[in-house]
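One structure is given here, and the rest of the page talks about it.
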Amino acid sequence: MNALSDVLSQGAQMSVVLGVAPLLTGFVRKVKARLLRRRGPPLLQPYRDLIRLMRKDVVLADNASWLFRVIPYLIFAGTWVAASLVPTFGNGLLFSWTADLIAIIALLGSARFFQALAGMDVGTAFGGIGSSREVMIASLAEPAMLITVFSVAMIAGSTQLPNVAEFMGSDAVGLRVSLGMAFVALTIVALAENARIPVDNPATHLELTMVHEAMVLEYSGRHLALIDLSSHLKLLLYVSLIACVFLPWGTATADAGVGRLVFGALLYFGKLAVLGFLLAVFETSIAKMRVFRIPEFLGAALMLALLATLLRFVSGSL
Amino acid sequence: MIAVALWSVAALLALAPAGVVLSTRPRGSIILYGGCLIATSTLCVTALSDLLYFPHLTPSATLPIGLPWLGAHFRLDALSAFFLVVVNLGGAAASLFALGYGRHEDSPGRVLPFYPAYLAGMNVVVLANDAFSFLVAWEFMSLTSWAMVVSHHREAENVRAGYVYLLMASFGTLALLLAFGLLASGAGYDFDAIRASHPSAALSGVVVILMLLGAGSKAGLMPLHAWLPLAHPAAPSHVSGLMSGVMTKVAVYGFVRIVFDLLPEPVWWWSMVVLLVGGPSATLGVLYALMQRDIKRVLAYSTIENIGIIFTGLGLALAFKAEGLDWVAALAFTAAMLHVFNHALFKSLLFFGAGAVLGATGERDMEKLGGLIHRMPKTAFAVLVGCVAISALPPFNGFVSEWLTFQAILLSPQLPSWGLKLIIPAVGGLLALAAAFAAACFVKLYGISFLGRPRSDVAASAHETDRFSLTAMLVLAAFCLVAGILPGLFIDALAPVSKNMVGNIMPHQVGLQWLTIVPIAESRSSYNGLLVFLFAALCGTTAATAIHRFASDRLRRAPAWDCGYPDPNPAIQYSASSFSQPIRRVFGSVIFAAREIGEMPPPSSPVPARLRVELHDLIWDVLYAPIAKLIGFATDRINILQFLTIRRYLTLVFVALIVLLLVVAL
């Protein structure tokens, strides 16, 4: 009985994130378009794109190996598992002890590892450029993320996300310098990891400026649909993570009733909308950086995260 | 138990002279490697059963060899048993691999006699219970591996590698000799006697530093790593696998045995020294690896990274033990030991993969490979597993030990000393950087050599390797997965080791819900490799079935798209150097003094334009080159003494005698 309800609640969480993720992307696109005084595509366009891609044939390069065909499923599986382990509206995820924050980062790292391999599989110049730049960005973003997690985890005394969220929602937190630094670092990392402006441009197909798009250039049909869906999931994951760690108010606890859950869900969608809106505003107000400016941008995140951790080490209250 | 172990070692030693004869026979290598496989498997099973079922027994034996009146002492406690498992698991896998690989050896007489002796040497180091046997076995291990490094002696590069290796090994042994000399000064050579004596804190500190120099040079800690990327790739691939995956672990054993076991309670600054060496080794090692284009050199440099991670774990364990937090020390120590085991698995696997590629194409240079996944699908699969595991990605084993190390770092604000409070976050940052670089490094290694289009004719016509080698690789790959999804079993097996060395153990893991691993408390952190694996497998298969059921499952083959400009020339692909160019540009200009030199021919000249990349190993330039120069200068001066007349020689002897007498008199 208990195991069954465990599985059911986890399944519900997994389908919620999967269902909502394209909507968030559509929302960000819509807001960006409106800010640029364009009408923009409808909110549900990402769903339509996914369905259209699913229906198309896969056109596979002659030289593509079996790995190239398996990788979309691997990326999707890794991202989906990671996304469904982040508490969204309810905190009572019964499988949340499966993986803590560090493991969630590593799961995303696995997805990225395979994505970079996929970029190199067909043997084109664009795939290589994408993979090479992706690992350069990741080599700074991942440690920045990990050290941010260190500082948050040391403040909360746990790397388990539900416990972190619970602690951050309690009065014991107060205003801390290290938390502020961690927040900025996490935001920068989230921009880089999701291939957003100023690090990468999700809308461009100009070969020399793109990173993520260059890696998936050879994908088509259902494979591309899965990769797109994974990147929607990743955006949702990062937004949920920021919401869960820095805006944890209203998240329903493990033993909450239906009313609290509905309230938590409404509040969660509100948080997504606010953060998505802020992302769109940020993206429209800043220009894309040159590739070799990115290390400086991410280096700032790394330094901030390290400072936050150091503050935590030398002082219990900051 | 110990009798079985010693008889197996004796069998290995007996195989060594047999190797001289066998190397001239056509099927001799099969008999020899088969014999090694049996002996190492026996040792492995013996040690494993000792570790699992009799961890509290410490059988010992004394043989009437070695120093007169002292004899050779051997002892099998939990630590020895664990390292015996590591050594012989790697040894058995290498022997199995060599059953196939060794048949293509062009000069078997230079490898076969030394291989079993090398295995025996490593085993005796781990079993030895007195300083003399330990040092003799250590030296034996160094010399036999040196002999195999120079087995392909016609290549000048290998001879140089052998020379540098021999120098560094002698230096390491010298440091060990001094360390044991200090320890034995009050107690004698027997480890039991040393354990019972209580050397002063200052003396112990000196011993720790000497051990870092001695064991660290063998393990490849920076800045004593210089020989490792030269020597490991030069040996035949199964020996490279042993040197990188296993011999470095024997060095770790030496460090642990002396610093954790033979010395009294640690002082906090020891851990500081260890951490200051371990953390930078981890990051710099993998950064160097990222810059290489020779597969085996990439793997050798990545060993430096992994040794750095292991020493970071050991440093943390020392720090916690010194402050009396022995339950966290147990966590850090277990993390280090688990990484010892994991690294032996995946590094051996990867070196065997490199050996298979070398056997199939004759190339170690990634720029001449590519597309091997089509030609060697099984090798490609096994190597992929190794690459994912070594990049510390779930659900494989490398992640578990790094995760445990991070958990130990997260507990270190509890340490009272300020030095450690400042250093440990920096070391944590270095480890995080190393993890990210490792993933980049192995994307490069795999993507350039196995994916894409073949960059040379040999790569285009490669063939799958033989069945023995494949079995060895696939078995190791399976171990990597099992240790990743059921880490609790391995952590529990390490409990007696950590009990002996740091006085406490991690919480008992098997029996927790769904085989989760919990280092301290569930509310603090937990990880379940099995569930992560099952979830990911479930998600992947659900997506696949749903798509093939409800959406299109049609597939067409067509030329690559490449933005509309596909080029049939494989040279347009990203190469190893171009792949690492962004990282080289970001980090390289400071750390490697990297320079890109474009050579543009004058207009109308038919010479092609070239882009060269210059990298410098700064440690070599700053530390080794001046020493080498100084020694060269001094030897040139002293060289005159070789050409003296009889009269001058006699004068020299006379003056020396006077000086000696004066010294004695004073």
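Read top to bottom, the protein sequences are chains A and B. Take the first sequence: its position 277, counted from the start at 1, is 280 in our numbering, and no numbers get skipped. Take the second sequence: its position 173, counted from the start at 1, is 346 in our numbering, and no numbers get skipped. Just so you know, even glycine gets a beta-carbon here, dropped at the ideal spot from N, CA and C.
Taking every protein chain shown into account, the CB of residue 496 (chain B) has 16 or more other CB atoms within 10 angstroms, so this residue is buried. With fewer than 16 other Cβ atoms inside 10 Å of its own Cβ, residue 773 (chain B) counts as exposed.
Look at residue 477 (chain B): its C-beta is not under 8 Å from any C-beta on chain A. Per DSSP, residue 512 (chain B) is one residue of the alpha helix (DSSP H) stretching across 499-534.
Going by beta carbons, residue 79 (chain A) and residue 716 (chain B) fall inside the 8 Å limit. Here the alpha carbon of residue 309 (chain A) sits roughly 46 Å from the alpha carbon of residue 721 (chain B). One alpha carbon belongs to residue 602 (chain B), the other to residue 218 (chain B), and they sit about 39 Å apart.
Secondary structure note for residue 770 (chain B): its beta strand (DSSP E) is the uninterrupted segment 768-772.
Taking all protein chains shown into account, residue 288 (chain B) has 16 or more neighbouring C-beta atoms within 10 Å of its C-beta and is therefore buried.
Burial check for residue 833 (chain B): the Cβ neighbour count within 10 Å stays below 16, so the residue is exposed. With a cutoff of 8 Å on beta-carbon distance, residue 537 (chain B) and residue 273 (chain B) are scored as not near each other. Within the region 55-118 of chain A, the complete alpha helix (DSSP H) segments at least 4 residues long are 69-87, listed from N- to C-terminus.
The straight-line gap separating the alpha-carbon atoms of residue 77 (chain A) and residue 108 (chain A) is approximately 15 Å. Burial state of residue 742 (chain B) is exposed, judged by a 10 Å Cβ sphere holding fewer than 16 other Cβ atoms. At the C-beta level, residue 447 (chain B) and residue 385 (chain B) come within 8 Å of one another. Residue burial is scored here from C-beta neighbours: residue 209 (chain B) has at least 16 other C-beta atoms within 10 angstroms and is therefore classed as buried. Here residue 195 (chain B) is buried, its C-beta having at least 16 other C-beta atoms within 10 Å. The region 554-570 of chain B makes no contact with the region 428-443 of chain B: fewer than 3 CB pairs, one atom from each, lie closer than 8 Å. One thing to note: residue 788 (chain B) has its Cβ within 8 Å of the Cβ of residue 765 (chain B).
Rounded to whole angstroms, residue 782 (chain B) and residue 771 (chain B) show a C-alpha spacing of 7 Å. Leaving aside the five residues that flank residue 490 (chain B) on each side, the residues in its chain whose CB is nearer than 7 Å to its CB run, in chain order, 502, 505, 506, 509, 675. In the three-state scheme derived from DSSP, where H, G and I count as helix and E and B as strand, residue 722 (chain B) is classed as helix.
Under the three-state reduction of DSSP output, residue 318 (chain A) falls in the coil class, being neither helix nor strand. In terms of beta-carbon proximity, residue 695 (chain B) lines the interface with chain A, with at least one pair separated by less than 8 Å.
Excluding its 5 nearest sequence neighbours in each direction, residue 468 (chain B) has C-beta neighbours in its own chain below 7 Å: 527, 530, 537, 539, 618, 622, listed in chain order. Listed in chain order, the non-local C-beta contacts of residue 337 (chain B) below 6 Å within the same chain comprise 400, 403, local neighbours out to five positions each way being set aside. For residue 429 (chain B), the enclosing alpha helix (DSSP H) covers residues 421-429. Sequence-distant Cβ neighbours of residue 500 (chain B) in its own chain, meaning closer than 7 Å and more than five residues away, are 677.
Judged by beta-carbon spacing, residue 411 (chain B) lies within the 8 Å limit of residue 271 (chain B), meaning their Cβ atoms are closer than that value. Residue 663 (chain B): member of the alpha helix (DSSP H) spanning 660-666, first to last residue. Sequence-distant Cβ neighbours of residue 344 (chain B) in its own chain, meaning closer than 7 Å and more than five residues away, are 390.
Collapsing the DSSP output to three states places residue 621 (chain B) in a helix.
Looking at the DSSP output, residue 784 (chain B) bridges to B:771. The beta carbon of residue 120 (chain A) is closer than 8 Å to those of 70, 74, 134 in its chain, skipping five residues each way along the sequence. Contact between residue 141 (chain A) and residue 192 (chain A) is ruled out by a C-beta separation of about 10 Å, above the 8 Å threshold.
Residue 653 (chain B) and residue 570 (chain B) have their C-alpha atoms roughly 5 Å apart.
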